[in-house]
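Let me begin by presenting the structure, written as structure tokens, before commenting on it.
Chains as they are written, first to last, in the working numbering: chain A, 138 to 329; chain B, 139 to 411.
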């Protein structure tokens, strides 16, 4: 790892100067990322493994990981004419569970509980079960969720920063809908 | 969500090595194909109702880059070999949240043999063209386009800058020969905000502001009318053919969803005598 103090200092300067414009030197925040979810992300996630599409494909083949997509739901723009065709569709890695909003940095207690319970359900309570978190490139949501899972004690968390865009270039996608039990979590939650 | 030009370039750099590593294994036809067919069926039903649409014919053809350099500026060419018998042409980008990108109705001064426009593509998707023939039948063509993030890609400038000169129009005319159709290119300055673009400074979504209708006429005859949507790229450029019968002028009107209305007449250099 190239983590020299000087490089780090330069990174801080770069980040301070132009956070949205610099793909380099983004450091891991201490806690969850609380800023805009779209933006350059760090290259690493402490406690998790960063994977590319080929590695995700191999994981799926060999270890049946739990695949968690935190992409946002398409938001209908104001000002579209009534009667126009608004008909969004979401495709992701086949077999994924879509948890829109689960990558927010400021999930409240109820949402955290709902997420914890849902992931426990999906992994069968097995902290050794591989998990992959993803959304799109330059998306902090999957980074945040990966970090949350590491914090919850999952030991094989994989963060896939290229996300759907990286996956669909060489692999099949499938139509997905927001996970019903996650969507039915108590109302006062953050996200979406 | 969003993928600006900058990120698209970044992405290309990320994906290529991955592809090489993965041996570029393209997934076999599977759920994806049947799900895409199913979605097209649902979209068709919503737009064309129960009309029977024939595929595999030669009445209409789509040309699009298999992989677009810029998902917010994907060039599409619609070719209609059977140009004398086509009445309307629709362009549908299946996986865009607003799939119905454009609808053209041709008038008596049209030469519909070729239309070009530039669109936003939100995700890897089938793109469909549907021609309504003068006898009331429908024909479709399809093409698969690899591009993503086009609907939400920011314009790389402030909204105010993007709206400068809004409604300005230019027209370029191709070579004119007596009795022959002429190709023309209409350019309209307009951000065509999709409503899905986030202002990078304020972090607010810029409200949708897009051209809903364009009419083009030659003399007193219609060339075409186009109903547009947020899938049309910023600063719309439309390449079309017309029949230069008479002295013109070429008149264009454009209307957007926030009440903007612009008109311009273009004098046409006569080709005859």
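Beta carbons: idealized from backbone N, C-alpha and C, even for Gly.
Assumed close pair residue 369 of chain B, residue 265 of chain B - CB separation to whole angstroms, cut-off 8 Å
Contact between residue 369 of chain B and residue 265 of chain B is absent: CB atoms are separated by about 10 Å, not below the 8 Å threshold.
Residue 160 of chain B in three-state terms, based on DSSP:
Reliability fails at residue 160 of chain B, whose pLDDT of 33 lies under 50, so the model's placement of it is uncertain and the value that follows must be treated cautiously. The answer is helix: DSSP assigns residue 160 of chain B an H, G or I state.
Under the three-state reduction of DSSP, which class applies to residue 199 of chain A: helix, strand or coil?
If DSSP states are grouped into helix, strand and coil, residue 199 of chain A belongs with the helices.
If you run the structure through DSSP and keep just helix, strand and coil, what is residue 167 of chain B?
Annotation note: pLDDT 41 at residue 167 of chain B (below 50); position unreliable, no value reported.
Indicate the three-state DSSP secondary structure (helix, strand or coil) for residue 186 of chain B in the structure shown. DSSP places residue 186 of chain B in helix when its eight states are reduced to three.
Interface residues of the region 208-231 of chain A facing chain B [CB-CB below 9 Å]: Those residues of the region 208-231 of chain A that come within reach of chain B (Cβ to Cβ, closer than 9 Å) are 208, 209, 211, 212, 213, 214, 215, 216, 217, 218, 221, 222, 223, 224, 225, 226, 227, 228 and 231.
Span of the beta strand (DSSP E) holding residue 213 of chain B?
From DSSP, the beta strand (DSSP E) with residue 213 of chain B extends over 212-217.
Beta-carbon contacts of residue 335 of chain B that lie in its chain and below 6 Å, excluding the five residues immediately before and after: 290, 292 and 344.
For residue 402 of chain B, would you say it is in contact with chain A, using Cβ-to-Cβ distances shorter than 9 Å as the test?
So, not an interface residue.
Note to self: Assuming residue 362 of chain B and residue 245 of chain B are in contact, meaning their beta carbons sit under 8 Å apart, how far apart are those beta carbons, in whole angstroms?
What the structure shows: Confirmed, Cβ separation roughly 6 Å.
query = Going by beta carbon distance, what residues of the same chain come within less than 7 Å of residue 159 of chain B, once the five residues before and after it are set aside?
reply = Residue placement at residue 159 of chain B is poorly supported in this model, since its pLDDT is 33, which falls under 50; the coordinates are not used for a value here.
- Is the region 215-223 of chain A close to the region 188-200 of chain A, with three or more CB pairs under 8 Å? Output reads no: the region 188-200 of chain A does not touch the region 215-223 of chain A.
*Selection of the region 317-349 of chain B by Cβ proximity to chain A, strictly under 8 Å*: The residues in question are 332, 333, 334, 336, 338, 341, 343, 345, 346 and 347.
Could you name the residues of the region 283-313 of chain A whose beta carbon sits closer than 7 Å to any beta carbon of chain B, in the order they occur along the chain? The region 283-313 of chain A vs chain B, Cβ under 7 Å: 299, 302, 303, 305, 306, 307, 308, 309, 310, 311 and 312.
Tell whether a beta-carbon distance below 9 Å holds between residue 255 of chain B and residue 218 of chain B. Judged by beta-carbon spacing, residue 218 of chain B lies beyond the 9 Å limit of residue 255 of chain B, meaning their Cβ atoms are not closer than that value.
CA-CA distance, residue 234 of chain A and residue 215 of chain A? Their backbone Cα atoms lie some 29 Å apart in a straight line.
Quiz prompt | Any beta strand (DSSP E) of 3 or more consecutive residues that is wholly inside the region 274-302 of chain A | solution = For the region 274-302 of chain A, the full-length beta strand (DSSP E) segments reaching 3 residues or more read 294-297 along the chain.
task: Quick one: give me the first and last residue of the beta strand (DSSP E) that residue 264 of chain A is part of.
output: Premise fails: residue 264 of chain A is in no beta strand (DSSP E) and is neither H nor E.
* To do: Count the other CB atoms, across all protein chains shown, that sit within 10 Å of the CB of residue 161 of chain A; report buried if there are 16 or more and exposed otherwise.
  => Exposed, by the Cβ-count rule.
The beta strand (DSSP E) that contains residue 244 of chain A, what's its start and end? Where residue 244 of chain A is concerned, there is no enclosing beta strand (DSSP E), given that its DSSP letter is neither H nor E.
- Message: Need the endpoints of the beta strand (DSSP E) that residue 319 of chain A sits in, please.
- Response: From DSSP, residue 319 of chain A is part of no beta strand (DSSP E) but of the alpha helix (DSSP H) over 317-320.
Three-state secondary structure (DSSP) at residue 368 of chain B? Residue 368 of chain B: coil per DSSP, three-state reduction.
task = Identify, in the order they occur along the chain, each residue of the same chain with its Cβ nearer than 6 Å to the Cβ of residue 384 of chain B, setting aside the five sequence neighbours on each side.
result = Cβ neighbours of residue 384 of chain B beyond the five flanking positions: 357.
Counting only the same chain and skipping the five closest in sequence on each side, list residues whose C-beta sits under 6 Å from that of residue 230 of chain A.
Hits under 6 Å: 204 and 304.
Subject >> residue 308 of chain A to residue 176 of chain A span [Cα, whole Å] >> reply: One alpha carbon belongs to residue 308 of chain A, the other to residue 176 of chain A, and they sit about 25 Å apart.
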